[in-house]
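*Asks:* So for the sequence shown, our numbering puts the first residue at -17; every next one is plus one.
Positions of the beta carbon are idealized from the N, C-alpha and C atoms, including for glycine.
Because the structure is a prediction, the values reported are computed rather than measured.
The following block contains the structure, expressed as C-alpha coordinates.
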Amino acid sequence: VWDGNGEPIATIGPGAMLGNYASFVRGVQHDPQQAAHLLARAGWVIGSDGVRVQNGRRLSLALIAWTEFDKATLEFIQAQLATIGVEIQIIRSPDTASYQARVEAGEFDLDLEGPNQNDANPIFLPALRFYSKSSGKTVRYFFLGSQFDEIIEAGLSAKERAEVMRRSAEAQHQLVDVETNVIPLAGLKRIYAMSDTIRDFDPHPSILNQRWDVVSIQR
(Lines of atoms letter the chains of each structure in order from A and count residues from 1; the text may use other names and numbers.)
(Lines give C-alpha, C1' and ligand atoms only; values in the text may rest on other atoms or scores of the structure.)
Protein backbone atom coordinates (compact mmCIF):
# COMPACT_ATOMS: atom_id res chain seq x y z
CA VAL A 1 0.00 0.00 0.00
CA TRP A 2 1.32 3.43 -1.01
CA ASP A 3 4.72 2.04 -2.08
CA GLY A 4 5.23 0.34 1.28
CA ASN A 5 4.39 3.43 3.33
CA GLY A 6 0.92 2.28 4.32
CA GLU A 7 -1.09 -0.78 5.19
CA PRO A 8 -4.70 -1.98 4.88
CA ILE A 9 -6.73 -0.96 7.91
CA ALA A 10 -10.26 -1.57 9.19
CA THR A 11 -10.35 0.94 12.04
CA ILE A 12 -10.55 4.75 11.87
CA GLY A 13 -7.30 5.12 13.81
CA PRO A 14 -4.34 2.93 14.77
CA GLY A 15 -5.60 -0.59 15.42
CA ALA A 16 -3.07 -0.91 18.24
CA MET A 17 -5.14 1.57 20.27
CA LEU A 18 -7.86 -1.09 20.55
CA GLY A 19 -5.63 -4.02 21.49
CA ASN A 20 -7.35 -7.37 21.02
CA TYR A 21 -10.68 -5.58 20.54
CA ALA A 22 -9.54 -4.35 17.11
CA SER A 23 -10.97 -7.57 15.67
CA PHE A 24 -14.46 -6.20 16.48
CA VAL A 25 -14.10 -3.97 13.40
CA ARG A 26 -14.19 -5.94 10.15
CA GLY A 27 -13.68 -3.07 7.73
CA VAL A 28 -15.08 -2.50 4.25
CA GLN A 29 -13.79 -4.96 1.66
CA HIS A 30 -12.94 -3.89 -1.89
CA ASP A 31 -15.58 -5.75 -3.89
CA PRO A 32 -16.65 -3.92 -7.08
CA GLN A 33 -19.01 -6.71 -8.13
CA GLN A 34 -20.90 -6.60 -4.84
CA ALA A 35 -20.99 -2.79 -4.96
CA ALA A 36 -22.44 -2.87 -8.48
CA HIS A 37 -25.00 -5.47 -7.40
CA LEU A 38 -26.14 -3.36 -4.44
CA LEU A 39 -26.51 -0.26 -6.60
CA ALA A 40 -28.50 -2.14 -9.23
CA ARG A 41 -30.74 -3.65 -6.57
CA ALA A 42 -31.38 -0.14 -5.23
CA GLY A 43 -32.60 0.95 -8.66
CA TRP A 44 -29.48 2.65 -10.01
CA VAL A 45 -29.00 1.51 -13.62
CA ILE A 46 -26.07 2.20 -15.93
CA GLY A 47 -26.74 5.15 -18.24
CA SER A 48 -25.50 5.70 -21.78
CA ASP A 49 -22.30 7.39 -20.56
CA GLY A 50 -21.52 4.76 -17.93
CA VAL A 51 -22.88 6.75 -14.99
CA ARG A 52 -25.76 5.22 -13.06
CA VAL A 53 -29.13 6.96 -13.10
CA GLN A 54 -32.40 6.61 -11.23
CA ASN A 55 -35.57 8.45 -12.25
CA GLY A 56 -33.50 10.88 -14.32
CA ARG A 57 -31.05 11.60 -11.49
CA ARG A 58 -27.35 10.88 -12.09
CA LEU A 59 -25.30 9.20 -9.38
CA SER A 60 -22.84 12.09 -9.18
CA LEU A 61 -21.07 12.85 -5.89
CA ALA A 62 -18.92 15.79 -4.77
CA LEU A 63 -15.60 14.76 -3.21
CA ILE A 64 -13.65 17.17 -0.99
CA ALA A 65 -10.40 16.42 0.81
CA TRP A 66 -7.78 17.73 3.15
CA THR A 67 -5.31 19.91 1.27
CA GLU A 68 -2.50 17.45 2.13
CA PHE A 69 -3.87 14.93 -0.37
CA ASP A 70 -2.50 15.33 -3.87
CA LYS A 71 -4.59 15.31 -7.03
CA ALA A 72 -3.50 11.79 -7.95
CA THR A 73 -5.01 10.38 -4.75
CA LEU A 74 -8.38 11.93 -5.52
CA GLU A 75 -8.22 10.80 -9.14
CA PHE A 76 -7.49 7.25 -8.01
CA ILE A 77 -10.68 7.21 -5.93
CA GLN A 78 -12.54 8.81 -8.81
CA ALA A 79 -11.36 6.11 -11.23
CA GLN A 80 -12.24 3.27 -8.88
CA LEU A 81 -15.79 4.52 -8.33
CA ALA A 82 -16.21 5.12 -12.07
CA THR A 83 -15.85 1.36 -12.63
CA ILE A 84 -19.15 0.80 -10.81
CA GLY A 85 -20.94 3.72 -12.43
CA VAL A 86 -20.45 6.43 -9.80
CA GLU A 87 -19.41 9.85 -11.08
CA ILE A 88 -17.09 11.80 -8.78
CA GLN A 89 -16.76 15.57 -9.00
CA ILE A 90 -13.43 16.46 -7.38
CA ILE A 91 -13.52 19.79 -5.53
CA ARG A 92 -10.02 20.91 -4.58
CA SER A 93 -9.50 23.45 -1.81
CA PRO A 94 -6.55 25.84 -2.23
CA ASP A 95 -5.94 26.02 1.52
CA THR A 96 -7.10 24.63 4.84
CA ALA A 97 -9.39 27.57 5.56
CA SER A 98 -11.41 27.11 2.36
CA TYR A 99 -11.65 23.35 2.94
CA GLN A 100 -12.83 23.94 6.50
CA ALA A 101 -15.46 26.41 5.34
CA ARG A 102 -16.80 23.91 2.82
CA VAL A 103 -16.94 20.96 5.21
CA GLU A 104 -18.56 23.05 7.95
CA ALA A 105 -21.21 24.19 5.46
CA GLY A 106 -21.92 20.59 4.44
CA GLU A 107 -21.00 21.26 0.81
CA PHE A 108 -19.88 17.72 0.00
CA ASP A 109 -21.00 14.14 -0.46
CA LEU A 110 -17.68 12.44 0.28
CA ASP A 111 -14.93 13.81 2.52
CA LEU A 112 -11.40 12.37 2.38
CA GLU A 113 -9.45 12.92 5.58
CA GLY A 114 -6.27 11.68 7.22
CA PRO A 115 -7.00 11.84 10.96
CA ASN A 116 -4.36 10.92 13.50
CA GLN A 117 -4.35 9.80 17.12
CA ASN A 118 -3.50 12.97 19.04
CA ASP A 119 -3.67 11.55 22.56
CA ALA A 120 -3.63 8.26 24.43
CA ASN A 121 -7.41 7.94 24.82
CA PRO A 122 -8.59 4.96 22.70
CA ILE A 123 -12.03 6.51 22.19
CA PHE A 124 -10.67 9.95 21.28
CA LEU A 125 -11.44 9.89 17.54
CA PRO A 126 -14.95 8.37 17.66
CA ALA A 127 -15.95 10.80 20.42
CA LEU A 128 -14.42 13.83 18.73
CA ARG A 129 -15.89 13.36 15.26
CA PHE A 130 -19.08 11.30 15.56
CA TYR A 131 -20.56 11.85 19.04
CA SER A 132 -23.61 14.13 18.84
CA LYS A 133 -22.52 16.13 21.90
CA SER A 134 -19.07 16.86 20.50
CA SER A 135 -18.25 20.55 20.15
CA GLY A 136 -16.96 20.07 16.60
CA LYS A 137 -18.65 22.17 13.92
CA THR A 138 -19.04 19.23 11.52
CA VAL A 139 -20.58 16.72 13.91
CA ARG A 140 -24.09 17.49 12.65
CA TYR A 141 -23.14 15.84 9.35
CA PHE A 142 -21.41 12.81 10.84
CA PHE A 143 -23.10 11.78 14.10
CA LEU A 144 -24.89 8.41 14.09
CA GLY A 145 -27.58 8.63 16.75
CA SER A 146 -28.57 7.59 20.25
CA GLN A 147 -27.21 4.03 20.19
CA PHE A 148 -23.78 5.25 19.11
CA ASP A 149 -23.90 8.03 21.72
CA GLU A 150 -24.60 5.49 24.46
CA ILE A 151 -21.50 3.52 23.48
CA ILE A 152 -19.37 6.67 23.49
CA GLU A 153 -20.70 7.80 26.87
CA ALA A 154 -19.99 4.38 28.36
CA GLY A 155 -16.43 4.62 27.07
CA LEU A 156 -15.92 8.16 28.33
CA SER A 157 -17.08 7.20 31.82
CA ALA A 158 -15.20 3.89 32.01
CA LYS A 159 -12.51 3.60 34.68
CA GLU A 160 -10.46 0.79 33.14
CA ARG A 161 -8.50 1.27 29.93
CA ALA A 162 -9.56 -2.15 28.64
CA GLU A 163 -13.20 -1.09 28.88
CA VAL A 164 -12.46 2.14 27.00
CA MET A 165 -10.77 0.10 24.27
CA ARG A 166 -13.73 -2.24 24.04
CA ARG A 167 -16.22 0.62 23.81
CA SER A 168 -14.14 2.34 21.14
CA ALA A 169 -14.08 -0.89 19.14
CA GLU A 170 -17.87 -1.18 19.47
CA ALA A 171 -18.28 2.42 18.31
CA GLN A 172 -16.02 1.88 15.32
CA HIS A 173 -17.90 -1.31 14.45
CA GLN A 174 -21.06 0.80 14.26
CA LEU A 175 -19.31 3.46 12.17
CA VAL A 176 -17.62 1.15 9.69
CA ASP A 177 -19.41 -2.20 9.61
CA VAL A 178 -23.02 -1.34 10.44
CA GLU A 179 -23.69 2.18 9.13
CA THR A 180 -20.67 2.49 6.79
CA ASN A 181 -20.49 6.13 7.78
CA VAL A 182 -16.72 5.82 7.42
CA ILE A 183 -14.70 3.72 4.98
CA PRO A 184 -11.06 3.37 6.13
CA LEU A 185 -8.90 3.22 3.00
CA ALA A 186 -5.40 2.77 4.42
CA GLY A 187 -3.24 3.37 7.44
CA LEU A 188 -0.42 5.68 6.31
CA LYS A 189 2.97 6.44 7.74
CA ARG A 190 3.87 10.09 8.17
CA ILE A 191 6.70 10.98 5.80
CA TYR A 192 9.17 13.85 6.21
CA ALA A 193 11.86 14.94 3.75
CA MET A 194 14.86 17.02 4.76
CA SER A 195 18.33 17.94 3.63
CA ASP A 196 21.41 16.47 5.27
CA THR A 197 22.06 19.79 7.04
CA ILE A 198 19.01 19.41 9.31
CA ARG A 199 19.76 18.47 12.91
CA ASP A 200 17.72 17.38 15.97
CA PHE A 201 14.54 16.45 14.10
CA ASP A 202 12.58 13.84 16.04
CA PRO A 203 9.46 12.67 14.15
CA HIS A 204 6.30 12.23 16.21
CA PRO A 205 3.43 9.95 15.11
CA SER A 206 0.90 12.70 15.92
CA ILE A 207 1.20 15.75 13.67
CA LEU A 208 -0.28 18.07 16.31
CA ASN A 209 2.42 17.00 18.77
CA GLN A 210 5.31 17.41 16.34
CA ARG A 211 7.95 19.77 17.73
CA TRP A 212 9.76 22.12 15.38
CA ASP A 213 11.37 24.45 17.91
CA VAL A 214 14.26 22.03 18.49
CA VAL A 215 15.20 21.70 14.82
CA SER A 216 18.39 23.41 13.68
CA ILE A 217 20.38 23.83 10.46
CA GLN A 218 24.07 23.08 10.30
CA ARG A 219 25.84 25.89 8.45
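(1) Within 10 Å of its beta-carbon, does Tyr174 have 16 or more other beta-carbons around it, so buried, or fewer, so exposed?
(2) Considering Ser42, what are the terminal residues of the alpha helix (DSSP H) in which it resides?
(3) Check Val27 in the structure and name its three-state DSSP category.
(4) Closer than 8 angstroms by C-beta to Asn98: which residues in its own chain qualify, once you throw out the five before and the five after it? Chain order, please.
(5) Taking 8 angstroms as the cut-off, decide whether the C-beta atoms of Thr179 and Gln200 are in contact.
(6) Using a Cβ-Cβ cut-off of 8 angstroms (strictly less than) and excluding sequence neighbours within five positions of Leu(-13), which residues of its own chain qualify?
(7) In this structure, what does DSSP give as the bridge partners for Val35?
(8) Between Asp131, Glu145, Ser114 and Trp48, which has its C-alpha nearest Ala79's C-alpha?
(9) Three-state secondary structure (DSSP) at Gly(-12)?
(10) Since Ile165 and Leu138 should fall inside the 8 angstroms C-beta cutoff, what is the C-beta to C-beta distance between them, to a whole number of angstroms?
(11) Let me check understanding here. Comparing Cα to Cα, which of Gln154, Ser42 and Ala44 lies closest to Val10?
(12) Relative to the alpha-carbon of Asp31, which residue among Ala24, Arg23, Leu41 and Gly25 has its alpha-carbon at the smallest distance?
(13) What residue does the beta strand (DSSP E) around Glu69 start on, and which one ends it?
(14) Pick out whichever of Ile59, Lys53 and Thr65 has its Cα sitting closest to the Cα of Leu21.
(15) Tell me the residue span of the alpha helix (DSSP H) that contains Asp131.
(16) So, helix, strand or coil for Asp182, using DSSP?
(17) Once DSSP output is grouped into helix, strand and coil, what is the label at Ser198?
(18) Hey, could you find the ends of the beta strand (DSSP E) Leu94 is sitting in?
*Replies:* Quick answer:
(1) Mapped onto the sequence shown, residue 174 falls at position 192. So Tyr174 counts as exposed.
(2) Taking the sequence shown and counting its residues from 1, the one referred to as residue 42 is at position 60. Counting along the chain, no alpha helix (DSSP H) covers Ser42; the unbroken beta strand (DSSP E) around it starts and ends at Ser42 to Ala47.
(3) What you label residue 27 is simply residue 45 of the sequence shown in a count that begins at 1. If DSSP states are grouped into helix, strand and coil, Val27 belongs with the strands.
(4) As a position in the sequence shown, residue 98 is number 116, starting the count at 1. Cβ within range, chain order: Gly(-5), Arg172, Pro187, Ser188, Ile189 and Leu190.
(5) Working through the sequence shown from its first residue, we reach residue 179 at position 197. Working through the sequence shown from its first residue, we reach residue 200 at position 218. Going by C-beta atoms, Thr179 is nearer than 8 angstroms to Gln200.
(6) As a first step, residue -13 must be located in the sequence shown, where it is residue number 5. One detail in the question is off: residue -13 reads as Asn in this sequence, not Leu. For Asn(-13), where only same-chain residues beyond five positions count, the Cβ hits under 8 angstroms are Leu170, Lys171 and Ile173.
(7) Here residue 35 refers to the residue found at position 53 when the sequence shown is read from its first residue. Note: Val35 sits in a beta bridge opposite Val27 and Arg40.
(8) Reading the sequence shown from its first residue, position 97 is the one you call residue 79. Minimum Cα-Cα distance from Ala79 among the listed residues Asp131, Glu145, Ser114 and Trp48 corresponds to Trp48.
(9) Start at 1 with the first residue of the sequence shown, and residue -12 comes out as number 6. Correct three-state label for Gly(-12): strand.
(10) Translated into the one-based positions of the sequence shown, residue 165 becomes position 183. Translated into the one-based positions of the sequence shown, residue 138 becomes position 156. About 25 angstroms separates the two Cβ atoms, so there is no contact after all.
(11) The residue given as residue 10 occupies position 28 in the sequence shown. Per the Cα distances, Gln154.
(12) As a position in the sequence shown, residue 31 is number 49, starting the count at 1. Minimum Cα distance to Asp31 is reached at Leu41.
(13) For the purposes of this step, residue 69 is taken as residue 87 along the sequence shown, with counting starting at 1. Counting along the chain, the beta strand (DSSP E) containing Glu69 begins and ends at Glu69 to Ile72.
(14) Against the sequence shown, residue 21 aligns to sequence position 39. With distances taken between Cα atoms, Leu21 lies closest to Thr65.
(15) Position 149 of the sequence shown, counting from 1, holds the residue named residue 131. Unbroken alpha helix (DSSP H) run through Asp131: Ser128 to Ser139.
(16) Position 200 of the sequence shown, counted from the first residue, corresponds to residue 182. In the structure shown, Asp182 sits in coil (DSSP, three-state: anything other than H, G, I, E or B).
(17) Counting from 1 along the sequence shown, the entry for residue 198 is found at position 216. Strand at Ser198.
(18) In the sequence shown, counting from the first residue as 1, residue 94 sits at position 112. It spans Leu92 to Leu94 - the beta strand (DSSP E) in which Leu94 sits, taken as one unbroken run.
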